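Structure first, commentary second.
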């Protein structure tokens with residue numbers, strides 16, 4: 107499982123490395139063009155079985171951490187489907203995508219500020 111570290115407070119979300127690689131490619135292309143969008147997913151039961159969404163924008167720091175060095179080739183068809191979905195009012199929703207091997211998980215239910223003692 108890789109980790110998307112989001113925002114200045116460093117909220118962490120785990121994705122399968124292959125999914126994370128596709129998200130990185132998509133984010134790179136869209137943000138280069140100045141296109142912001144929502145990324146949505148269904149939360150696992152361990153954190154309430156709800157839904158989460160984050161706003162992907164040039165002003166929000168992103169860091170991609172992979173658990174493996176290699177992730178294999180990217181699926182161009184899937185990337186195109188993701189890009190089209192991200193254009194809609196709901197943004198990109200990973201909840202029902204059959205290619206998602208595992209649900210995304212947030213690390214911890216609370217966020218600790220980096221400068222807190």
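Numbering (the numbering used here), first residue to last: 107 to 223. In this text, a Cβ means the ideal position worked out from N, Cα and C, and glycines have one as well. Here the structure is a predicted model, which is why all the values come from computation and not from measurement.
Flag this pair as yes or no: are the beta carbons of residue 143 and residue 197 separated by less than 9 Å?
Cβ atoms of residue 143 and residue 197: closer than 9 Å.
Quick check: what's the CA-CA separation for residue 134 versus residue 154?
If you draw a straight line from the Cα of residue 134 to the Cα of residue 154, it is about 31 Å long.
In terms of DSSP beta bridges, what is residue 199 paired with?
The partner list for residue 199 (beta bridge, DSSP) reads 146.
When you compare the CB positions of residue 157 and residue 147, do they come within less than 9 Å of one another, or not?
Contact: yes.
Environment of residue 193 [buried if 16+ CB atoms lie within 10 Å]:
The residue is exposed, with fewer than 16 neighbouring Cβ atoms inside 10 Å.
Judging by CA-CA distance, which residue of 169, 199, 186 is the nearest neighbour of residue 136?
Nearest in C-alpha terms to residue 136, of all of 169, 199, 186, is 186.
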